[in-house]
Amino acid sequence: MSNKDRIFLSSPHMSGNEQKYIQEAFDLNWIAPLGNNVDAFEGDLASYNLINDAAVVTSGTAAIHLALRLLNVCKGDTVFCSSLTFVASANPILYQGAKPVFIDSEPDTWNMSPSALRRAFQDAAKQGKLPKAVIVVNLYGQSAKIDELIEICDIYDVPVIEDAAESLGSEYKGKKSGTFGRYGIFSFNGNKIITTSGGGALVSNDVDALKKARFLATQARDKAVHYQHSEIGYNYRMSNIVAGIGRAQLEVLDDRVERRREVFDRYKEAFADQLGFEFMPELEGTKSNRWLTALTIDPEKAGISREEIIEALGKDNIEARPVWKPMHLQPLFDGMDYYSHEKGNSVSDNLFKYGLCLPSGSNMTEEQQDRVITGIKSLLNKKTLSRSF
Ligand SMILES: *Cc1c(COP(=O)(O)O)cnc(C)c1O
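The UniProt record's numbering puts the first residue of the sequence shown at 1, with every later residue one more than the last.
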């Protein structure tokens, strides 16, 4: 089968307008550095999210790294971080020589558990060593219980970095995801809801802080005619070509959210009566962009396991994957502290054990989605048949 027939989890979905902005950059010979597309993309991102400022960079990971730098996270510091996430949420903590403490999920949003966070803070306060920051992730587009989490962080006066890499365009109580913490970060990696081929953004209402972020992202060059540097800097700024793609992608973001939500609804409807299939919930008062359709498969009730589904779909050239492997289970973070939702009940362990992500691209056709659904249904039928003999 050719690559054309392959159904991906989430693949780039261009609007057609990208070339226009790239051509503009070529016409002006504004290829690099920075330029009109970067300025416009930053302005558009800030106004879309109703936040004061946005700085676009080479990746979401770079944006998290810059946020940690702005909060002065240094060697020996600790940073609390959601455990159920992609490794990029936590790697920048290591870049700074700091130590992550991982916080479990709760069942309502699959995101950071307020009760686990509270226990982590209580212990940290007892030890006289509060974290420098808390990184809250909004998994697969679903916002965490932001109000509860920020309320706890406020008690200890510790700033929040909202990792909204997967939740661009989502809402929490009518406000855009990524705008709740001191800093928010987005990703425009190839698999995200919109993509610039690769890129990210740091957003904040603190305009001075983002000025500093841009300075750090361009090698931290002091104001002098000669090249002088007093701080460690990075080469993290987004190019003007890449930002042109971003401008066109942002124009269609709301369409992409609606389309992904339709994909989710179609899966949910197709398996509405299926025992043992539980779709990722959407917390009341929030709107998820449903970046990826995620569900848990209880093999006892469903009669089939997640692994069997992944394998069967794989044979039909369809990509499906387990949910993220939690950070506290990663060899990289062996020995790091971890706070489970309740004592003896780790929610993220279970989500990892049973959780499945299905193809969810906004460019997936109904016929392609039917192929996924039929693939799973015929596996279910085969199992029921073989059990009845
Ligand atoms: C994709 C992702 C990132 C990293 O973004 P990049 O642009 O790939 O560096 C960070 N956090 C989460 C939760 C992500 O899914």
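No residue lacks a Cβ here, since even glycine has one placed at the ideal position from N, Cα and C.
Counting the other Cβ atoms within 10 Å of the Cβ of P326 gives 16 or more, which makes it buried. In this structure, E278 and T296 form a Cβ contact; the two beta carbons are roughly 5 Å apart against a cut-off of 8 Å.
For T61, the shortest C-beta to heavy atom distance toward ligand 1 is below 8 Å. Counting only unbroken stretches of 3 or more residues, the beta strand (DSSP E) elements lying wholly within the region 33-97 are 53-57, 78-82, in sequence order. Setting aside the 5 residues that flank it on each side, A32 is surrounded in the same chain by S239, N240, each with a C-beta closer than 7 Å to its C-beta; the list follows chain order. Exposed is the label assigned to L385, since fewer than 16 other Cβ atoms lie within 10 Å of its Cβ. By the Cβ rule, the region 190-199 counts as touching the region 234-254, because three or more pairs are nearer than 8 Å. About 20 Å separates the Cβ atoms of F86 and L117, ruling out a contact at the 8 Å cut-off.
I103 is a Cβ neighbour of Y338, given a cutoff of 9 Å.
Proximity of the beta carbon of T85 to ligand 1 is indicated: a heavy atom of the ligand is located closer than 8 Å.
In this structure, S204 is the residue among N189, T58, S204 with its C-alpha nearest to the C-alpha of L70. Taking the Cα of G276 as reference, the smallest distance to any Cα among Y267, P299, Q219, M14 is reached at P299. By the Cβ-count criterion, G344 is exposed, with fewer than 16 other Cβ atoms from all chains shown falling within 10 Å of its own Cβ.
If you draw a straight line from the Cα of Q142 to the Cα of H226, it is about 48 Å long.
Taking 4 residues as the shortest admissible run, the region 92-153 contains the following complete alpha helix (DSSP H) segments, listed from N- to C-terminal end: 114-126. Per DSSP, reduced to three states, the secondary structure at R214 is helical.
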